[in-house]
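Sequence lines, in order, name chains S and C. Residue 150, in this note's numbering, is where the first sequence stops; the numbers in between run on with no holes. Residue 1150, in this note's numbering, is where the second sequence stops; the numbers in between run on with no holes. For glycine and all other residues, C-beta sits at the position ideal for the given N, C-alpha and C. Quick caveat, the model's predicted, so the values are computed rather than measured. Report on the following structure.
There are 2 protein chains.
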Amino acid sequence: MISMWSLADKMENWIKLLLEETDERFIKIRRSELARHFSCVPSQVTYVLSTRFIPERGYRVISRRGAGGYIRIERLSEADLLDRLEQQIGDTISAQEAAEIVGNLHKAGLLGEDVAQYLGLLLSDEVLQLPEITANRLRARMVVALLTNI
Amino acid sequence: MISMWSLADKMENWIKLLLEETDERFIKIRRSELARHFSCVPSQVTYVLSTRFIPERGYRVISRRGAGGYIRIERLSEADLLDRLEQQIGDTISAQEAAEIVGNLHKAGLLGEDVAQYLGLLLSDEVLQLPEITANRLRARMVVALLTNI
DNA sequence: ATCACCCTTGACTATCCTTGACCTTTCTTG
DNA sequence: CAAGAAAGGTCAAGGATAGTCAAGGGTGAT
């Protein structure tokens, strides 16, 4: 029953704590600082981020290199609910159904009005102009990608 | 989670502030003054202007050398920017180009951050999963539809 | 004991920013 | 004009970050 937590685990928990403590949905931090805080090499941070803070687990990471670089770790919303929706969709979906889902996500407050509007536009048959089967499969991929990134 | 802005970022923001505060569509300033204000070498100003205040992001810079020289930074009209982008697109466009355009539209303030993120996602090769030529044509339709509806 | 699967480390790479020496253009003055 | 002063421009080197990858280290299951 000795130190049951690997360094990666500790770092994961620390980051999640920071995410809870902030008022925003994200934190911005320097990779090298995080590494120094845990007395490890910077690439360890990259490892933790790429194995744990991924869309499938409800997170997204954006970073910038060079002087003034940073890492931004963002928590995505309502992962569970979106998972279930994802199941429902399967791998093909009509323009109408897609529009409805986007509309519902908007009503649920998970998508802003402009976002919903632009997405609806790009999911329409007029813009896609593809054979129905192809279009429906593509739409399914688009909506699923959307759900995993909200 | 400090303010983490590079000098270049600060200068960019400062210039944008000046542009907002003036009644004109442009500002006229001396490179050396700007440099002194930020305690840096003048060529740093040139760097910021050439990486951030470019037509693709909705700006144009005109300058004159010699005694009495100046730099004039102008914000393009929305219509100019959209026209220019539409030209650039034509009827086929790669994922990378599409992502850049969306990013620029965001930096130009015409798209919110969320919108930009979702659009970038839906324009990616990973989501489209179509033959390159088909994908590039579709992307062109999507981005043009977007531009038309901004 | 061995295998599989993480985790950890560090050398190398990619990207972005900052600085300074040197160049070009325009104006002012004699 | 010619020369000097007063701008802005170019470019390459170096600094500050973050990313990639492959080799090696634990640890638990078989």
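Taking 8 Å as the threshold (beta carbon to beta carbon), is residue i in contact with chain C?
| i | result |
| --- | --- |
| M4(S) | no |
| A95(S) | no |
| G112(S) | yes |
| A67(S) | yes |
| Y70(S) | yes |
| A151(S) | In this structure chain S extends from 1 to 150, so residue 151(S) is not present and cannot be described. |
Tell me whether residue i is buried or exposed, calling it buried when 16 or more other Cβ atoms sit within 10 Å of its Cβ.
| i | result |
| --- | --- |
| Q1117(C) | buried |
| R65(S) | exposed |
| L119(S) | buried |
| L187(S) | The structure shown does not extend to residue 187(S), since chain S is modelled only from 1 through 150, so no value can be given for it. |
| N1136(C) | buried |
| I1093(C) | buried |
| I1071(C) | buried |
| G1090(C) | exposed |
Which residues bound the beta strand (DSSP E) around residue i?
| i | result |
| --- | --- |
| I29(S) | 26–29 |
Any beta carbon from chain S within less than 8 Å of residue i's own beta carbon?
| i | result |
| --- | --- |
| Y1118(C) | yes |
| R1141(C) | yes |
| V1041(C) | no |
| V1115(C) | yes |
| V1127(C) | yes |
| L1122(C) | yes |
| D1091(C) | no |
| D1080(C) | no |
Go to residue i, then tell me how far its alpha helix (DSSP H) extends in each direction, as first and last residue.
| i | result |
| --- | --- |
| P55(S) | Premise fails: P55(S) is in no alpha helix (DSSP H) and is neither H nor E. |
| D23(S) | Looking at the DSSP string, D23(S) is not in any alpha helix (DSSP H), and its letter there is neither H nor E. |
Let me check you understand the geometry: is the CB of residue i closer than 7 Å to at least one non-hydrogen atom of the ligand GDP?
| i | result |
| --- | --- |
| L76(S) | Summarising the ligand content, the structure contains no ligands, and the ligand GDP is consequently not present. |
Which complete alpha helix (DSSP H) runs does the segment 1061–1135 of chain C hold, if anything under 4 residues is left out?
1078–1089, 1095–1107, 1113–1122, 1125–1128
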